[in-house]
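Asker: This is the structure, below, for whatever I ask next.
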Amino acid sequence: MISTLTMTDEQRKSVALEYLKAFDNGGITSTGGSILDLFAEDAQVLFPKWGLATGREQIGQMFSDLGSRLKSITHDYAHFNWILTGTDTLVCEGTSFGEHVDGHWRAGVPSAAGAGYWADVFEIRDFKIQRCFIYLDPDYGSQDTARYPWLNR
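Residue numbers for the sequence shown follow my numbering, so the first one is 37 and each next one is one higher.
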């Protein structure tokens, strides 16, 4: 699709922030809509250990699958590091805390190892997320210790 709306970095950042807040709010945006409304029809989202979801239907399935494992999540908005490029691409790096079916986690808490640290790479055009690649350790409960012996120390 040809882009028709010019956006500033701050406008792209506001779309990404709305997505993160909706994720914390069980998939409901600040206007009461679905988180999926923030995505273009043919958007792509990548999540570790799930893979690549293309289109709103697959993205909805991914979020449903992830949501079934998370009891709660909160992103630490005050500590976000935004990398704005003046193009459709921007990056948000941050931390989170919450409860997973395997237990509680908080970034920086040693028993949670790397849980809670993340970075999202977005492409946002025409006020819709076109692409969101999520980089994090999906082992929120630090259960995968057999393959990483230093986690048992």
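Where a beta carbon is used, it is the ideal one built from N, C-alpha and C, also for glycine. Nothing here was measured: the structure is a model prediction, and the numbers come from that model.
Just curious, the alpha helix (DSSP H) that Ser100 is in, first and last residue?
Answerer: Per DSSP, the continuous alpha helix (DSSP H) segment holding Ser100 begins and ends at 91 to 103.
Asker: Looking at Leu41: is its Cβ nearer than 9 Å to the Cβ of Phe163?
Answerer: yes
Asker: Which residue from Tyr184, Phe116, Gln166 puts its Cα closest to that of Arg92?
Answerer: The residue with the shortest Cα to Cα distance from Arg92 is Gln166.
Asker: So, does the segment 126 to 141 touch the segment 104 to 111, judging by three or more C-beta pairs under 8 Å?
Answerer: yes
Asker: Helix, strand or coil: how does DSSP classify Tyr55 here?
Answerer: helix
Asker: Going along the chain, which residues of its own chain have a beta-carbon closer than 7 Å to the beta-carbon of Phe75, five neighbours each way excluded?
Answerer: Non-local C-beta neighbours of Phe75 in its own chain, meaning closer than 7 Å and more than five positions away in sequence, comprise Arg92, Ile95, Lys164, Ile165, ordered along the chain.
Asker: Around the C-beta of Arg105, are 16 or more other C-beta atoms found within 10 angstroms, so that it is buried, or is it exposed?
Answerer: exposed
Asker: Considering Thr110, what are the terminal residues of the beta strand (DSSP E) in which it resides?
Answerer: 106 to 111
Asker: Would you kindly check if the distance between the Cβ of Gln80 and the Cβ of Leu72 is under 9 Å?
Answerer: No, the pair does not count as a contact, with Cβ atoms beyond the cut-off.
Asker: Hey, Met98 and Phe83: beta-carbon distance below 9 Å or not?
Answerer: yes
Asker: Cβ atoms of Tyr176 and Ala155: under 9 Å apart, would you say?
Answerer: no
Asker: Let me know the secondary structure DSSP gives Asn61 once reduced to three states.
Answerer: coil
Asker: CB of Asp175 to nearest heavy atom of the ligand NAP: below 8 Å?
Answerer: In terms of ligand content, the structure shown is empty, and the ligand NAP therefore cannot be addressed.
Asker: Mark Tyr55 as exposed unless 16 or more other C-beta atoms lie within 10 angstroms of its C-beta, in which case mark it buried.
Answerer: buried
Asker: Would you decide whether Val137 is buried or exposed? Buried here means 16 or more other CB atoms lie within 10 Å of its CB.
Answerer: Around the Cβ of Val137, a 10 Å sphere holds fewer than 16 other Cβ atoms; the residue is exposed.
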